[in-house]
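Q: Numbering (UniProt numbering), first residue to last: 1 to 116.
Sharing a structure, written as structure tokens. Questions coming.
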Amino acid sequence: MRQSRRCSRSGCAQPAAATLTYVYAESTAVVGPLATFSEPHSYDLCEFHAERLTVPRGWEVVRHEIDLDDAGPTGDDLLALADAVREAARPEPPRNPADDGSGTRRGHLRVLPDLT
1 MRQSRRCSRS GCAQPAAATL TYVYAESTAV VGPLATFSEP HSYDLCEFHA ERLTVPRGWE
61 VVRHEIDLDD AGPTGDDLLA LADAVREAAR PEPPRNPADD GSGTRRGHLR VLPDLT
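Following this line, the structure appears as structure tokens:
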């Protein structure tokens, strides 16, 4: 068990396995994987209560697959995150000294004046 949160249902002491969120404007209840953090307007449910959730007549339940064996980020996820951090930390390449400065730079793009 990677989380220490418990099911939100009264009298249930089982570990939480899913998160329930309501979208009132669309009359929808969404049951998905356990959220990383406990949110004030969502409910943690154990596997038993997540599977047996019922909603009022006219409402819809959207169920996202819950992987109980998910152990968190994989090595590939962590490597991709490290690569993204390295890329963001790279200094900007030096500007070309032959650049005459005409035009406006927007990141890696340059807006050139209309010569016609």
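From the three backbone atoms N, C-alpha and C, an ideal C-beta is built for every residue, glycine too.
1. List the residues that DSSP assigns as beta-bridge partners of Asp44.
2. Below 8 Å on the Cβ atoms is my guess for Val31 versus Arg63; work out the distance and round it to an integer in Å.
3. What are the residues that DSSP puts in a beta bridge with Pro91?
4. Per DSSP, Arg63 is paired with what?
5. From Pro56 to Tyr22, what does the alpha carbon distance come to, in whole angstroms?
6. Pick helix, strand or coil for Arg6, following the three-state DSSP scheme.
7. Let me check understanding here. Comparing Cα to Cα, which of Pro91, Ala18 and Thr36 lies closest to Ala29?
A: Put simply:
1. Translated into the one-based positions of the sequence shown, residue 44 becomes position 44. Answer by DSSP bridge pairing, in chain order: Thr19.
2. Taking the sequence shown and counting its residues from 1, the one referred to as residue 31 is at position 31. Taking the sequence shown and counting its residues from 1, the one referred to as residue 63 is at position 63. Rounded, the Cβ-Cβ distance is 5 Å, consistent with contact.
3. Within the sequence shown, numbered from 1, the residue matching residue 91 stands at position 91. According to DSSP, Pro91 bridges with nothing at all.
4. Within the sequence shown, residue 63 is the residue found at index 63, counting from 1. Note: Arg63 sits in a beta bridge opposite Val31.
5. Here residue 56 refers to the residue found at position 56 when the sequence shown is read from its first residue. Here residue 22 refers to the residue found at position 22 when the sequence shown is read from its first residue. The alpha-carbon atoms of Pro56 and Tyr22 are separated by roughly 12 Å.
6. Taking the first residue of the sequence shown as position 1, residue 6 is located at position 6. Here Arg6 sits in strand by DSSP.
7. Position 29 of the sequence shown, counting from 1, holds the residue named residue 29. Looking at the Cα atoms, Ala18 is the closest of the given residues.
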